[in-house]
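Working notes for the structure below.
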Amino acid sequence: MNAMTKFFETRGMPFEEIDERAISSAFLTDLPDGQEQAFNLFALLIEDEGDRYIRLTIVPFVDQPYDGYPSELYVAISRRNHDLPQLKFAFDDDDDLELAVDIPEAQLNQAEFDRALQLLVDYASLNYGEFKALTET
């Protein structure tokens, strides 16, 4: 069993174990305009120069347009990343836009998991409409 499953089970969140290092889930949140939006959530065990982290990531944050992302989106991402102390917008290997937060594995407990997840939910809700609109222009 993946060590991260207990955090999802405690919250009562449905999930699927992809392998011993990854979990797939999803959540719904209300956007500022009152609409509900579903987001795919992945929890991944990652290593960086010997340090181990749990990365919670929403991917894709917005669907990639057929013609690629507009330059205005890159500007908005740069501005937003400058203002975000813990979360970051980035592009994965498939060029999908993601919103991610890393938790040092040594600091991971239910409270830290819940805090990081709430950050993702809050920032996803606040930024989705703007980023979605930029990809539709």
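In this note's numbering, the protein residues as written are 20 to 156.
Beta carbons are placed, not taken as given, at the ideal position from N, Cα and C, and that holds for glycine.
Neighbour-count burial assignment, N128, 16 or more Cβ in a 10 Å radius: Under this definition N128 is an exposed residue.
field: Distance between D112 and R71 (C-alpha atoms, nearest Å)
entry: One C-alpha to the other measures close to 20 Å.
- request: Tell me the start and end of each unbroken beta strand (DSSP E) in the segment 49 to 125 that is at least 3 residues and wholly inside, in chain order.
  value: Those beta strand (DSSP E) runs which fall completely within the segment 49 to 125 and span 3+ residues are 55 to 67, 70 to 77, 107 to 110, 116 to 123.
message: Would E124 and I73 be called neighbours here (beta carbons separated by less than 7 Å)?
response: Cβ atoms of E124 and I73: closer than 7 Å.
message: Do F80 and L139 have their beta-carbon atoms positioned less than 7 Å apart in this structure?
response: Contact: no.
- request: Pick helix, strand or coil for L145, following the three-state DSSP scheme.
  value: Three-state DSSP puts L145 in a helix.
- request: Note down, in chain order, each residue of its chain lying with its Cβ closer than 7 Å to the Cβ of K107, except the 5 sequence neighbours on either side.
  value: Cβ within range, chain order: N100, A119.
message: Tell me which residues share the same chain as A143 and place their Cβ nearer than 8 Å to its Cβ, disregarding the 5 neighbours each side in the sequence.
response: Cβ neighbours of A143 beyond the five flanking positions: T48, Q56, F58, I77, F80, L118.
- request: Could you tell me if I122 is buried or exposed, where buried requires 16 or more neighbouring beta carbons within 10 angstroms of its beta carbon?
  value: The Cβ neighbour count for I122, taken over all protein chains shown within 10 Å, is at least 16; the residue is labelled buried.
query: Can you check whether the CB of A62 is closer than 7 Å to the CB of I42?
result: Yes. Within cutoff.
- prompt: For L60, which option in D114, M32, K25, L145 has the closest C-alpha, if you only look at C-alpha atoms?
  reply: If we check each option's Cα against that of L60, M32 comes out closest.
- prompt: Among residues of its own chain, excluding the 5 on either side of Q126, which ones have a beta-carbon nearer than 7 Å to its beta-carbon?
  reply: Hits under 7 Å: none found.
- request: Look at the Cβ atom of F9, then the Cβ atom of F26, and state whether they are nearer than 7 Å.
  value: A question about residue 9 goes unanswered here, because the residues of the chain that appear run from 20 up to 156.
field: Strand pairing of D38, partner residues [DSSP]
entry: According to DSSP, which records beta bridges pairwise, D38 is partnered with A41.
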